[in-house]
DNA sequence: CAACTTAGCGAACGAACGTTCGTACTTCAA
DNA sequence: TTGAAGTACGAACGTTCGTTCGCTAAGTTG
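Residue numbers (the numbering used here), protein chains in the order written: chain Y, 6 to 210; chain B, 6 to 210.
Next up, the structure:
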């Protein structure tokens with residue numbers, strides 16, 4: 006297996022395409038990613054780009070998968086070793102807002118951008134996005150329920166309400182930074198998360 | 006002045022185009038609005054559509070303006086008569102979440118969608134969006150500062166932090182509804198807003 | 001009634017879109 | 001040494017994009 010490049014280069018090529026697509030999509034959305042633009046940016050031919058995926062939709066799904074992996078690596082993995090409960094939930098909030106602070110994409114968090122771009126559409130990308138965010142919501146929900154059961158959060162805490170609020174606050178960091186240059190937005194989000202959880206905010210972050 | 010339709014019809018036409026564009030954009034974003042699609046949907050020619058605006062960018066700006074007017078009518082006007090302070094701030098939160106509940110667009114709140122679509126880009130539409138959201142933030146900020154001065158909110162309240170949180174929670178209603186079908190999202194957002202403000206939540210909404 | 005303005009149409013433009021095809025070339029397996 | 005597999009290319013496809021042009025028709029103004 007080879008072409009103008011070696012096997013290793015071929016695998017690298019696919020990864021490079023996906024990474025480039027995610028970079029563009031974080032700024033202009035997934036619909037802003039065109040085969041021709043990727044080809045120009047990577048100095049390849051259009052057919053060389055799309056050949057790795059077949060269709061543009063498959064490329065979009067691969068790009069989403071890449072961003073999800075990155076999210077897990079940067080947000081979940083650092084806290085996964087902790088015991089479930091309030092402690093880990095707060096650690097998630099910290100790594101999450103830290104991730105939104107420096108999301109690894111030029112246009113802010115990829116998932117946040119794509120969430121708003123695809124929430125009203127239909128099709129495989131929408132569905133994959135639903136599955137992904139649903140899974141993350143499940144993680145948060147279980148953490149909250151554990152904390153409630155342990156008496157670390159108020160007994161009348163509504164897990165759905167708290168999950169919604171945490172998600173909205175984390176995602177909201179993006180437009181605050183991109184649109185208004187709010188460098189403090191991650192800290193603000195973290196503080197608001199504590200308020201929603203009904204636990205005292207840390208004195209400094 | 007006339008064509009195939011009367012003067013009144015011509016003014017109606019422009020308004021109809023903008024309304025249709027806003028409907029489409031709320032679902033698929035402003036880039037999803039194409040001249041050809043508007044022409045097909047309105048049973049006009051492409052040149053008849055774009056003739057009212059000159060360029061697509063002007064159409065986008067007109068669409069944004071329309072959505073902003075609608076937002077003001079539905080969120081600000083119902084509470085503008087009240088005296089400034091916590092009471093009006095809470096009234097804003099209520100009309101705001103009510104607006105996000107039934108935003109008047111098929112794809113949810115137009116401004117929320119466009120905010121995430123354009124936050125990373127440059128150009129007149131981005132700039133107009135910044136001006137618009139900045140103005141709304143100013144309204145919220147003044148309300149908060151008034152409430153703090155009156156002792157209705159804690160003296161150490163950070164207006165920027167609270168404004169950020171209110172905005173994020175309101176905007177977050179959209180993907181929650183579109184992606185997960187959370188009909189309770191508006192109520193959840195309102196409850197979280199109270200938590201962020203540090204005031205007791207209303208027993209029922 | 002004539003002159004002017006303007007809404008809207010239909011056709012066309014160059015560019016970009018996603019996709020398909022045949023081909024060249026390189027590496028691995030037989 | 002030959003054959004299969006696979007990467008990437010270049011060219012072309014039909015479509016759609018935003019925009020421009022000349023034209024018709026209706027209403028306003030003189």
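A virtual CB, placed ideally from N, CA and C, is assigned to each residue, including glycine.
None of the values given here were measured: they were computed from a predicted structure.
Could you give the C-beta distance for residue 111(Y) and residue 28(Y), rounded to a whole number, given that I count them as a contact under 8 Å? 6 Å
Does DSSP classify residue 51(B) as helix, strand or coil? helix
Give the residues of chain Y in contact with residue 187(B), contact being defined as C-beta atoms less than 8 Å apart. 165, 169
On the three-state DSSP scale, how would you describe residue 210(Y)? For residue 210(Y), the predicted model reports a pLDDT of 47, less than 50, meaning its position is unreliable and no value from the coordinates is stated.
Any beta-carbon of chain Y closer than 8 Å to the one on residue 184(B)? yes
Taking the straight line between their C-alpha atoms, what separation do you get for residue 39(B) and residue 65(Y)? 21 Å
Give the straight-line distance between the Cα atoms of residue 48(B) and residue 18(B), rounded to the nearest whole angstrom. 11 Å
Would you say residue 53(Y) reaches chain B, if we count a Cβ-Cβ gap shorter than 8 Å as a contact? no
Sequence-distant residues of the same chain with beta carbon closer than 8 Å to residue 149(Y), five excluded per side: 94, 158, 162, 164, 167, 168
Out of curiosity, what's the CA-to-CA distance linking residue 132(Y) and residue 100(Y)? 26 Å
Compute the distance between the beta-carbons of residue 171(B) and residue 114(B), then report whether it is under 8 Å. no
Any idea if residue 63(Y) is buried or exposed, counting beta-carbon neighbours within 10 angstroms, 16 or more meaning buried? exposed
Closer than 8 Å to chain Y by CB, residue 39(B): no
Sub-8 Å separation of residue 35(B) and residue 119(B) beta-carbons: yes
Pairwise C-alpha distance: residue 129(B) and residue 59(B): 15 Å
What's the C-alpha gap between residue 51(B) and residue 26(B)? 13 Å
Does the beta carbon of residue 193(Y) sit closer than 8 Å to a beta carbon anywhere in chain B? yes
Quick one: grab the DSSP three-state call for residue 237(Y). The question about residue 237(Y) has no answer, for chain Y in this structure spans 6 to 210.
Mind checking if residue 120(Y) is an interface residue toward chain B, Cβ cutoff 8 Å exclusive? yes
Provide the residue span of the alpha helix (DSSP H) that contains residue 150(Y), from first to last. 129-154
Among 102(B), 55(B), 191(B), which residue has its Cα nearest to the Cα of residue 76(B)? 102(B)
Check the C-beta distance from residue 143(Y) over to residue 183(B) and give it rounded, since I have them as a contact under 8 Å. Wrong, their Cβ atoms sit about 19 Å apart, outside the cutoff.
For residue 175(Y), count the other beta carbons within 10 Å of its own beta carbon; 16 or more makes it buried, fewer makes it exposed. Which is it? buried
Which two residues bound the contiguous alpha helix (DSSP H) that contains residue 39(B)? Segment: none, residue 39(B) is in no alpha helix (DSSP H) and carries neither H nor E.
Measuring CB to CB, does residue 78(B) end up less than 8 Å from residue 30(B)? no
Return the first residue and the last residue of the alpha helix (DSSP H) that residue 167(Y) is part of. 164-185
Endpoints, alpha helix (DSSP H) assigned at residue 70(B): 61-76
Under 8 Å between C-beta atoms, does residue 5(Y) make it to chain B? Not covered by the structure: residue 5(Y). The range shown for chain Y is 6 to 210.
Starting from the beta carbon of residue 138(Y), find every residue of chain B whose beta carbon is closer than 9 Å, and list them in chain order. 180, 184, 185
CA-to-CA distance, residue 195(B) to residue 82(Y), given in whole angstroms: 32 Å
Against chain B, with Cβ distances strictly below 8 Å, would residue 36(Y) count as a contact? yes
Please state if the CB of residue 152(B) and the CB of residue 90(B) are separated by a distance shorter than 8 Å. yes
Kindly say whether residue 106(Y), judged by its beta-carbon, lies nearer than 8 Å to any beta-carbon of chain B. no
Residue 190(B) and residue 181(B) - do their beta-carbons sit closer together than 8 Å? yes
Start and end of the alpha helix (DSSP H) containing residue 79(B)? Where residue 79(B) is concerned, there is no enclosing alpha helix (DSSP H), given that its DSSP letter is neither H nor E.
Compare the beta carbon distance of residue 44(B) and residue 54(B) with 8 Å and say whether it is the shorter of the two. yes
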